[in-house]
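Only one structure is covered here, and it is reproduced in the block below.
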Amino acid sequence: MSETPGLRERKKLRTRHALITAAFELFMEKGYEQTTVSEIATAADVSTRTFFSYFASKEDVIFHNSRDGIEHVLRVIAEPRPGDRAIDLLTRAVTSGFSMFALDEQLQREIGPANHLVMTVPSLRARGLLLLFESQRELAEALHRAFPEELSLVEASAVVGAVVGGGKLAAFVSMSNGASPEETLKAGRQAVEFTLSTLRAASSQPS
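What follows is the structure, given as structure tokens:
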């Protein structure tokens, strides 16, 4: 009897999670550069070929969740509610993104090791910066499309840059000063909330 699609999907998810878990454990134990794809596959009890059916490279394991988070926020921005202003929609999108993270236990376990690796491995730092700028571009374009008469693309870029950049910088500074993953996340969220409240106050001022 063949597996149902639901069972096949769950098996794929288990294999993917096993690869991610094995990779992070090896990265922290041996070092990112010293860990091979073959070692990751062996630790996850799969073949190297199976690894490459899930990830194109070791880098992709580190950033495996980045696309999910961006697409989640983009979906929220694509559905403005009646009476929304740009700042209302952006606030809801960002809050939804943090809520999504809070429900993902595996992602919470990975944030500390992942940030450490991105901060200490030059190739990962470069990839992280590229993904950061690309995600901000997508968010700015989406916000502009949702409110073309309220925000130009330049203005939407400035707003998104302030919110996302502020959160990322606060988290980076916090971690650099020895904060735990929980404290790092809290610092990022506080910075985002501060920036949003400042932008909201500015948008309420008469022009």
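So the mapping is simple: our numbering equals the position in the sequence shown, first residue as 1, plus 9.
Backbone N, C-alpha and C define an ideal beta-carbon position, used for all residues, glycine too.
Review point. I think Pro9 touches Phe33, with their Cβ atoms under 8 Å apart; what is that distance to the nearest whole Å?
Key: Because the chain here runs from 10 to 216, residue 9 falls outside it and cannot be looked at.
Check your understanding: What residue range is occupied by the uninterrupted alpha helix (DSSP H) comprising Val168?
Key -> Leu162 to Ser185
Review point. Does the Cβ of Gly15 have 16 or more other Cβ atoms within 10 Å, making it buried, or fewer, making it exposed?
Key: exposed
Practice item. Just the C-alpha distance for His153 and Ala165, rounded to the nearest angstrom, thanks. Key: 6 Å
Point to revise | Where Ser206 sits in the DSSP three-state scheme | key: helix
Check your understanding: Mind checking whether Thr28 and Phe61 have CB atoms under 8 Å apart?
Key -> Note that residue 28 is Leu in the sequence shown, not Thr. For Leu28 and Phe61, no; Cβs fall outside 8 Å.
Review point. Using 8 Å as the Cβ pair cut-off and three pairs as the minimum, do the stretch 126 to 139 and the stretch 33 to 51 touch?
Key: yes
**Study point:** Segment contact flag, the stretch 75 to 88 with the stretch 102 to 111, C-beta cutoff 8 Å, min 3 pairs
**Key:** yes
Review point. Is the Cβ-Cβ distance between Ala95 and Leu160 less than 8 Å?
Key: yes
Check your understanding: I think Val172 touches Thr204, with their Cβ atoms under 8 Å apart; what is that distance to the nearest whole Å?
Key -> 5 Å
Review point. Among Gly175, Phe142, Pro91 and Glu147, which one has its Cα closest to the Cα of His81?
Key: Glu147
Review point. Ends of the alpha helix (DSSP H) at Gln145?
Key: Pro131 to Ala155
Review point. When you compare only the Cα positions, how much space is there between Arg25 and Ser213?
Key: 47 Å
Exercise for review: State buried or exposed for Ser144, treating a residue as buried only when at least 16 other CB atoms are found within 10 Å of its CB.
Suggested key: buried
Practice item. Consult DSSP for Asn74 and reduce its assignment to one of helix, strand or coil. Key: coil
Check your understanding: Which value, in whole angstroms, describes the spacing of the CA atoms of Glu48 and Leu162?
Key -> 46 Å
Practice item. Report the rounded CA-to-CA distance for Met37 versus Leu126, giving the unit in angstroms. Key: 8 Å
Practice item. Classify Gln43 as helix, strand or coil using the three-state DSSP reduction. Key: coil
Review point. If we ignore side chains and look at the alpha-carbon of each, how far apart do Ala151 and Thr45 end up?
Key: 38 Å
Check your understanding: DSSP on Ser213, reduced to helix/strand/coil?
Key -> helix
Practice item. Can you tell me which of the three DSSP states Gly197 falls into? Key: helix
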